[in-house]
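For the sequence shown, position 291 (counting from the first letter as 1) is numbered 332 according to the working numbering, and the numbering increases by one without interruption.
Cβ coordinates follow ideal geometry from the N, Cα and C atoms, glycine included.
Since the structure comes first, as structure tokens, the remarks are kept for the end.
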Amino acid sequence: MTAHWNAQWREQILPTLADETWDLIVIGGGISGAGIVREAARRGWRCLLLEQRDFAWGTSSRSSKMVHGGLRYIAKGQWRLTRDSVRERQRLLDEAPGLVEPMSFMMPHYRGGFPGPRVMGGLLSVYDALAGRRNHGFHDAQQLRFLAPGVKENGLLGGSCFVDALTDDARLVMRVLHEARADGAVVINGVRVKQLLREGGRVCGVQVEDGEGGTTLQLRSAVLAVATGAWAERLRPAEAAKQLRPLRGSHLLLPGWRLPVAQAFTFLHARDRRPVFVFPWEGATVVGTTDLDHREDLDHSARISSAELDYLLAACQQQFPGAEIGVDDVLSTWSGVRPVVGSATGAQQGEPSNETREHVLWQEPGCVTLAGGKLTTFRPQAIEVLKACAVMLGRSFVDDGAPVFAAVPPLPIPGLSASQWRRLAGRHGRDLPRLAKLLGELGPETVGATDTLWAELAFACEAEMILHLDDLLLRRTRLGLLLPRGGEDYLPAIRTLCQPRLAWDDERWHAETQRYRSLWLRDHGLPQITS
Ligand SMILES: Cc1cc2nc3c(=O)[nH]c(=O)nc-3n(C[C@H](O)[C@H](O)[C@H](O)COP(=O)(O)OP(=O)(O)OC[C@H]3O[C@@H](n4cnc5c(N)ncnc54)[C@H](O)[C@@H]3O)c2cc1C
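Now the structure itself:
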């Protein structure tokens, strides 16, 4: 099924989309849209997913990449969110090893600091109770020094530890989409929904524009699900009250050797007492995140500001003073916009971090919009959306709890270590046999010091709907974040492997590299210093 998921397939299928009335059109190719189309396709619904740019282009490639209950949500009394999240965390750990992996978290304690070990221990007991398993402990100062050389010493009492999970968010979206496609869904990027079509007071379809060719089409569907994240209000009726509060969170990526951490560290930032994280990811170290009102145009990718850079560097200095992390150490940055449903408007708005991360559904006849939510809870969110859609369709709908992901066959691949196999199986699932063939051809070499195999790049070009170079380097793989200067030094070798597979001529390759470089500098480089 995935064999022909490429630009040629897209060109052929686009004009045919208007030939049928779909059971469900899903708008938005982030984790929410992916989850909805996956669960609907599994039930035999005839589904189409439309993404305006690229899959996971929005927040779903720019999150903190944690599959977690979220301790801070307990502290804020958001029980339902925490309970659902820890359950889904366990489900994803069981279903997608290699893509969702356990990660040990550590919160160091200092004399006179809050929360102290007791309060934290109590909080973690509640967290464990919601998850149904004991998963926390305490390390004294000596053990902590051993586990985290370079950690701030002054007044160190020890650290509370617990277990959550990490993922590659963009690959999680891709794996869910591959599952949906295997069950017959049509999933397409570069197609923007310009407006919803209404007939007799009911939403009955969409007007779309092909972002690559400019063609406009009208598509009909029995019901629609809008999963456009921070853009959710754009397709609502003009008279609907504005409720979304876009909040930006930014991250720094440092080379692993500059700030080596074996587990995730969480601590309260001295400036505002917000929890921040320093954690290992894909061989590098992530520092995040910020939380502030995002007032820029949502049509441009969010990017880090100088103030956020300063805040995150200060966090490194606070917790790991000996490492002396500075601007020159930053490999790349990314920022995402949280589609948070605000509790108030205007001057009544409180601190961004106090806004709930719970999702809500907005409904009008023929259309369900999902707003807010988390990466971790994409499955229950999707089920809720589809239950509402099913009522509109007059169909029954039950959550049978079936796995999101098909089991991966135990396929031995010569030359791969056990951990490489696990990583590939987690990221590619049912496409593993196809990838194995490419590995036979290209060998198990990785790109630079990253874990990404050259064969993964080749596979993405052949079968993962690449429209632009940034799709390949920022979302199908994360090389653009992990390699210095966005992977500039590797572009010639990437060209040799990928240009023929993408069927791009030289002119197209040059245009794509130009586009990629300027996009990378703007969205993933250091902020422009404005005086
Ligand atoms: C900084 C930050 C850190 C986070 N960390 C975590 C975390 O660690 N764990 C966690 O569980 N959650 C986390 N979250 C929350 C999580 O990332 C989001 O809830 C989730 O990614 C939202 O997914 P989505 O699919 O709803 O939105 P998006 O991923 O933004 O997807 C919406 C898509 O809709 C498309 N679209 C918009 N308009 C149209 C249109 N008219 N036509 C077609 N397509 C359209 C966009 O291009 C976009 O791709 C974090 C969020 C942020 C901002």
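Per-residue DSSP class, three states only, for residue i
i	result
V449	coil
M506	coil
I424	helix
A59	helix
G178	strand
A303	coil
G377	strand
Q404	strand
H341	coil
T487	strand
I366	coil
W322	strand
G139	coil
I66	strand
H150	strand
F308	strand
L197	strand
S126	helix
D334	strand
T418	coil
G413	coil
L171	helix
C133	First, the residue type needs correcting, since residue 133 is Leu and not Cys in the sequence shown. It is helical.
L479	helix
S347	helix
G391	coil
G329	strand
P316	strand
Beta-carbon proximity list for residue i, same chain, < 8 Å, skipping 5 on both sides
i	result
G324	G297, A490, T491, D492, L523
R312	Y352, A355
L276	I68, V234, Q236, L237, V267, T269, T410
L164	L112, I115, A116, P156
A182	L197, L198, G199
R79	V217, L218, E220, A221, D224, A226, A423, V445
G19	Residue 19 is absent from the model: the chain starts at 42 and stops at 572.
Check: residue i C-beta below 8 Å from any heavy atom of ligand 1
i	result
D181	no
V228	no
H177	no
T256	no
H292	yes
H577	As shown, the chain starts at 42 and ends at 572. That puts residue 577 outside it, with no answer to give.
T417	yes
I507	no
D210	yes
V289	In the sequence as presented, Val is not what sits at residue 289; that position holds Arg. Result yes, Cβ under 8 Å from ligand 1.
R344	no
L411	yes
L188	no
K117	no
G246	no
R420	no
T123	no
A172	no
K235	yes
I66	no
H109	yes
T62	no
V141	no
P451	no
Same chain only: Cβ atoms within 6 Å of residue i, ignoring 5 sequence neighbours per side
i	result
V108	R130, L133, V141, A206, T208, T417
V7	This structure leaves residue 7 out entirely; the chain is present only between 42 and 572.
S104	D210, G377, L416
P568	I345, S346, S347, L350
A75	V214, V217, L218
Contacting residues, own chain, Cβ-Cβ under 7 Å from residue i (five flanking each side not counted)
i	result
L157	In the sequence as presented, Leu is not what sits at residue 157; that position holds Gly. Excluding positions up to five away in sequence, the list reads H150.
G191	F361, G363, A364
E505	W46, M215, R517
W86	D64, L65
Heavy atom of ligand 3 within 8 Å of residue i beta-carbon
i	result
Q93	With respect to small molecules bound, the structure shown includes ligand 1 and not ligand 3.
Query - Whole runs of the alpha helix (DSSP H) within the stretch 201-230, excluding any shorter than 4 residues - result: Runs of the alpha helix (DSSP H) inside the stretch 201-230: 210-223.
**Report entry** 3 or more residues per run - each beta strand (DSSP E) lying fully within the stretch 221-300
**Finding:** Look at the stretch 221-300 and you find these whole runs of beta strand (DSSP E), each 3 residues long or longer: 227-229, 232-240, 243-251, 257-267, 285-296.
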